[in-house]
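Asks: Just so we're aligned, residue -4 is where the sequence shown starts under this note's numbering, counting upward by one.
The beta-carbon is built from N, C-alpha and C at its ideal position, and this holds for glycine as well.
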Amino acid sequence: MMDHLHIESTLQDLRLYDIRTDINQPGNVLAKIFENDGSLPGVLLYNFDEFVGIISQRQFWRTLSRPYGRELFLTRPLRSMYRFLRIQPLILPANVLIAEAAGAALNRSTEELYEPLVVQINHGYFRLLDTQQLLMAQLYVHQVSIELLKKTEAQLQETNLELQMLVNLDQLTQISNRRRFDDFLQVEWERHYRVRLPISLIMLDIDYFKYYNDYYGHQTGDDCLKNVAQIINQNVEQSNALVARYGGEEFAVVLPETDLEIAEAIAEKIRLAVQDKQLPHIQSKVSPYVSLSLGVSSQVPTYLTSTKTLIAAADAALYQAKQLGRNRVFSFTSELV
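1) Using CA coordinates, which residue listed in N23, N90 and L87 is at the minimum distance from L69?
2) Which value, in whole angstroms, describes the spacing of the CA atoms of I14 and S75?
3) When DSSP labels each residue in this structure, what does E45 get in the three-state scheme?
4) Skipping 5 residues on each side, what residues in its chain have a beta carbon closer than 7 Å to that of K280?
5) Using the three-state DSSP reduction, which class does Q169 fall into: helix, strand or coil?
6) For S333, I'd like the list of residues in its chain whose CB is within less than 7 Å of its CB, leaving aside the five on either flank, ordered along the chain.
7) Run the CB neighbour count on P88, radius 10 Å, all protein chains shown included, and call it buried at 16 or more, exposed below.
8) Three or more C-beta pairs closer than 8 Å, one from the stretch 202 to 221 and one from the stretch 253 to 270: is that the case here?
9) Looking at C-alpha atoms only, which residue of L6, E45, L9 and T168 is the closest neighbour of G216?
10) With 16 as the cutoff for other CB atoms within 10 Å, does N235 come out buried or exposed?
11) Enumerate in chain order the residues of its own chain whose CB-to-CB distance from F46 is below 7 Å, with the five nearest sequence positions on each side excluded.
12) Is L151 a contact residue of the ligand PLP, with contact defined as CB to any heavy atom under 6 Å?
13) Between which two residues does the alpha helix (DSSP H) containing E66 stretch?
14) Can you tell me which of N228, K317 and I194 puts its alpha carbon nearest to the alpha carbon of F179?
15) To which residues of the same chain is I18 closer than 6 Å at the C-beta, ignoring the five residues directly before and after it?
16) Can you have a look at E183 and say buried or exposed, based on whether 16 or more other CB atoms are within 10 angstroms of its CB?
17) If distances are taken between C-alpha atoms only, which option among R103, D8, N163 and W56 comes closest to I28?
18) Which residues share a DSSP beta bridge with G320?
19) Give the secondary structure of I197 by DSSP, where H, G and I count as helix, E and B as strand, and everything else as coil.
20) For a minimum of 3 consecutive residues, which ranges assigned as the beta strand (DSSP E) are wholly contained in the stretch 172 to 234?
21) For A149 and Q214, what's the separation of their Cα atoms in angstroms?
22) Around the C-beta of N208, are 16 or more other C-beta atoms found within 10 angstroms, so that it is buried, or is it exposed?
23) Between L130, A309 and R186, which has its C-alpha nearest Y298's C-alpha?
24) Which term fits N283, buried or exposed, when burial requires 16 or more other beta carbons within 10 angstroms of its beta carbon?
25) When the Cα of R173 is compared with those of I306, E263, Q133 and L80, which residue comes out closest?
26) Excluding the 5 residues preceding and the 5 following K272 in the sequence, name in chain order all residues of the same chain whose CB lies nearer than 8 Å to its CB.
27) If N228 sits next to I170, beta carbons under 8 Å apart, how far is it from one beta carbon to the other, in whole angstroms?
28) Comparing alpha-carbon positions, which option in T58, Y77 and Q315 lies nearest L199?
29) What are the residues that DSSP puts in a beta bridge with F121?
30) Is DSSP giving T126 helix, strand or coil here?
31) In its own chain, which residues sit with a C-beta less than 7 Å from the C-beta of I116, not counting the 5 before and 5 after it?
32) Our contact map puts Q20 next to G37 with C-beta atoms below 8 Å; I'd like the distance itself, whole angstroms only.
33) How many angstroms separate the CA atom of R191 from the CA atom of T302?
34) Quick one: is L69 near chain D, going by C-beta distance under 7 Å?
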């Protein structure tokens, strides 16, 4: 099982073999060891307590299969076979990462490629590692790395989306902010210029909001702003529209592909919805309840106009709505140019 491995796993997290024999033992001793366990990658050779090298099971049986191999090596000390093989094992510290060790193992010559590695636990203390097991572990770690990378990328994308929303969101009302309004309107204006369709804008104010704030307090004033923002959102049904807090008690609604008549109807729907909510406002001079003044403009963009033209027209219409007594909708006309 390799489910305990991760990208920071090292050789000491793998199965290491501590099978050793003295280099002065005859070859048939090693033959019995391998016959008893064909899964052993090899043995560690010691001369008394000093580490000398290794003989892999693969090399051992291959050497015995040579002509006269058994006669030459089974009864003689393992020292003779070791000298014949001239093996220089790859020795790595136990704290080496699996990925790094796999790279070192694969950089060996073709003859040495499948030879086991020697893992040094500490000074004079060694273990054997099967190369096939190392490569399988590296494959598993690589897959874990890919999955982790995908997960991290997904998390980053999600975080970026959240940050983007925060950047474009008014924290109090939870609708789009002025920055998002500016960006959205500019993009839509350029699109409408290309397709030659009208785009409409509603600018609206809460009537006598300063009096409301002074009388009811800032917390209640914030609640009023949130309520109005929610009402506007609920009454703008176009999926491609944008509702934004323009600043203070002023809101804006961008209506793509919408002419003046439809925009006026939407503005009146918003005004009535706020009126029907009957949020008390005893300091208002036009109604016992919170009310709105709304200015509407609509244009087909041309090379002579810009978003500033549309905003100025809606702002002028809003001003006129206030001048005429508030709590009403007023639309852009040529008289306001």
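Replies: The structure says:
1) Relative to the Cα of L69, the nearest Cα in the group N23, N90 and L87 belongs to N23.
2) 19 Å
3) strand
4) Y203
5) Here Q169 sits in coil by DSSP.
6) Look at the range of the chain in this structure, -4 to 332, and you will see that residue 333 is not part of it.
7) exposed
8) Verdict: no, contact absent.
9) Per the Cα distances, T168.
10) With fewer than 16 Cβ atoms within 10 Å of its Cβ, N235 is classed as exposed.
11) L39, G119 and F121
12) Annotation note on the ligand PLP: not contained in the displayed structure, which lists no ligands.
13) G64 to F68
14) I194
15) L40, N42, V47, L73 and R74
16) buried
17) Here the closest residue by C-alpha is W56.
18) Answer is none; G320 lacks a bridge partner.
19) strand
20) 194 to 201
21) 38 Å
22) buried
23) R186
24) Position check: residue 283 holds Pro in this sequence, whereas Asn was assumed. With fewer than 16 other Cβ atoms within 10 Å, it is exposed.
25) I306
26) Within the same chain, Cβ atoms closer than 8 Å to the Cβ of K272 are found at N222, I226, Y284 and V285, the five residues on either side in sequence being excluded.
27) 6 Å
28) Cα-wise, what sits closest to L199 is Q315.
29) Q115
30) Helix, per DSSP.
31) A89 and R122
32) 14 Å between Cβ atoms; not a contact.
33) 15 Å
34) Checking the listed chains, one finds no chain D in this structure; it contains a single protein chain.
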